[in-house]
Amino acid sequence: MAETNNRLSCEGAATPAPSQKRDREYGMCVDPLVDERSEDGREGFQRKLTTLKEEGRLLEIYGFILKYRPGRPVRLRQPIRGGYNAAFCLEYADGAAVLRVALPGVNAFAEEKVRVEVATLRYIERMTSIPVPHVYHWGTAAESPLGLGPFIIMDYIPHKCSLADILQDPSVKEDPGRQYLDRNVPGDKLERLYGQVARIMLELSRLEMSRIGSLAYDEDRDAFTVGSRPLTQDMNELVVQGGVPPCVLPPEPTTYASSREWYEVLADLHVAHLTFQRNQAIESADDCRDKFVARFLFRQLVRQGKLLPDWEGGSWGRKKRRGEEKFKLWIDDFRPHNILVDADLNVVGVIDWEWAYFAPASFRDEPPWWLLLGRPELWRGTVLDWRDEFSGVLDVFCRALDHVEEKEEEREEKEDDGKWSIDQRIDALGLDAKEGFPTMTLRLSERMRQSWDSGTFWANYAARRCYGFDPVFWDFLDERFFRENAEGGFEGRMHLLPDKVRRRMQSFVDKKVEDSKEEKIDEWEPQQAREYLAEILADLD
């Protein structure tokens, strides 16, 4: 389901003060007109369902499910509409199946999303022991029953509730815009629940490919490859909440051979976001300057290679050369809301694998942001308050993960005892004969702590989160990379930008301020949009 974001709708957002220390805790808000248009698509789908129900045609949908998942049906459930999808569930004497449809409006790339998720589900089912829905059939909008849209027919996983239902603070559970961890959950219970998720994450951490991008499944060869661009949740939000023209996003067939290439794409997308979102993007001219400078300094850091960790792949002190990198499966929407548990609080399923792609290993090596349920930029205080609370639960999670790793190592040691040669045992100790020193391969729990302590966590988070970028940049990246900023924001950083960029900034700010005086949706011709963004980014390398 999509995350509800009351802060991004600017509820309670403060207007920046005229002083040097402006409030940068809110970043950009969603464009209300674009967001309303996206919601119209979902409401249109709901009206279509109502019409089908009145005409008595919903049975055709369940008949379609039965065609691909045969059995003795015993019950039809009412359709359920979530954030990104609608689901039609058919119960059988021996289980249940759902037809899940990508909702119009909120899915900018519905058919691509469905195709990628099907490939990912099949890959996870084959390569891991993680409980995921089995896919029986999927299809495009043209193949959908009653023209509902791109769809998947898959198993329904019986469960009591989601992990988020167990962990959510009950005092705010009724407000979908506020998601906080219940601090009264006993420590041993929290560690047990985290331990089950840690086991899943450890298994996922072993999956790797040689390029960055989304999975594709070749049915003729029965093979999985990285076959298209990384389809991210952020890219979807840029279009359906920010009004960014899809044509300025990475072309669908594009994949990437290095982490640096992907970081550069993400940095450019932040600039595209500020460039094309018309409404609720800025509060004032100085706020626009803050946002402009932050994005171009971030882009500068990326192009200088300063955001890539030296310990990629877990080998301390040795950077990966081009072509050596292995990329790990990353899921933007992997969180407790999509982890299902039974009455005994055992994990029985993981759902919603949309927005999954192979990404830089440093993404995999960072601690999960969802330990507090709420995102840093949506916290009840500031991102600094989030950081302070996160440190405590991170210790609990890393203990749980460390315990899982120990058990896994003990199991592997028993299975491999007596089977290894001397050379294999030397390799297992991490001795690099070519380099002449230990590679010091770290456990995942150790890499997560390293990511948090080094600040790599915040660099990755800023790279991935368009609407969380500004507070993270100013609170965690600015002074880390550019030293003290006594003047607060852009005023103390203008000298770091090339002359051409400073001159371009003034015309950029003037246009954004003028655009903010009239709320409307800009319509861009693809060539026009690409040329305009290229002009903004020109001469910066």
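Numbering (the numbering used here), first residue to last: 6 to 546. We put the CB at the ideal spot given by N, CA and C, even for glycine.
Sheet register partners of residue i (DSSP bridge)
i	result
R86	A91
H142	I158
A221	T230
V103	C94, M159
M214	F332
S167	L345
G354	L345
Q173	L186
DSSP state of residue i mapped onto helix, strand, coil
i	result
P443	Low confidence applies to P443: its pLDDT is 38, below 50, so where it sits in the model is not reliable enough to give any reading.
E371	coil
S233	strand
E524	coil
D36	coil
F363	strand
A147	helix
A433	Below a pLDDT of 50, predicted positions are generally treated as unreliable, and A433, at 48, falls in that range; the measurement from the model is reported next regardless. Correct three-state label for A433: helix.
G460	coil
P109	coil
E30	coil
H153	Residue identity differs from the one stated: residue 153 is Leu in this sequence, not His. Three-state result, L153: coil.
Q238	helix
K311	coil
R448	coil
V401	helix
G386	coil
V137	coil
I379	According to the sequence provided, residue 379 is Gly. The question's Ile does not apply to it. In this structure, G379 counts as coil in the three-state DSSP scheme.
R340	coil
Backbone CA spacing between residue i and residue j [nearest angstrom]
i	j	result
V276	R304	9 Å
F156	V106	4 Å
R197	E410	14 Å
K331	R216	7 Å
S210	V202	12 Å
R52	F368	40 Å
D393	L38	35 Å
E536	L243	18 Å
L302	S512	18 Å
S289	F114	33 Å
V477	W374	13 Å
K311	G460	12 Å
L389	D480	7 Å
K522	N284	9 Å
T280	S450	39 Å
A491	G497	7 Å
P255	H278	14 Å
D45	G110	7 Å
E413	F402	16 Å
A438	Q246	Annotation note: pLDDT 38 at A438 (below 50); position unreliable, coordinate value reported separately. Whole-angstrom Cα-Cα distance: 52 Å.
M206	L168	15 Å
R47	L108	6 Å
G473	D239	10 Å
T259	G218	8 Å
P136	L502	50 Å
F229	R120	13 Å
Extent of the continuous beta strand (DSSP E) to which residue i belongs
i	result
K333	332-336
I287	Here I287 belongs to no beta strand (DSSP E), and DSSP marks it neither H nor E.
L350	Careful: L350 lies outside any beta strand (DSSP E) and carries neither H nor E.
Extent of the continuous alpha helix (DSSP H) to which residue i belongs
i	result
G192	192-209
V534	Val is not the amino acid found at residue 534; the sequence shown has Ala there. First-last of the alpha helix (DSSP H) with A534: 531-542.
Y128	115-132
Cβ of residue i within 8 Å of any chain D Cβ
i	result
Q238	The chain labelled as chain D is not found in the depicted structure, where only one protein chain is given.
**OP:** Would you mind listing the beta strand (DSSP E) stretches within the stretch 240-274 that are 3+ residues and don't spill past its ends, in chain order?
**Re:** Taking only runs of at least 3 residues, no beta strand (DSSP E) segment lies wholly in the stretch 240-274.
**OP:** Could I get the ranges of all uninterrupted beta strand (DSSP E) runs contained in the stretch 59-86, with 3 residues as the minimum, in chain order?
**Re:** Complete beta strand (DSSP E) runs here, min 3: 78-81.
Subject >> Start-end ranges of the alpha helix (DSSP H) lying completely within the stretch 459-512, minimum 4 residues >> reply: 461-469, 474-477, 483-487
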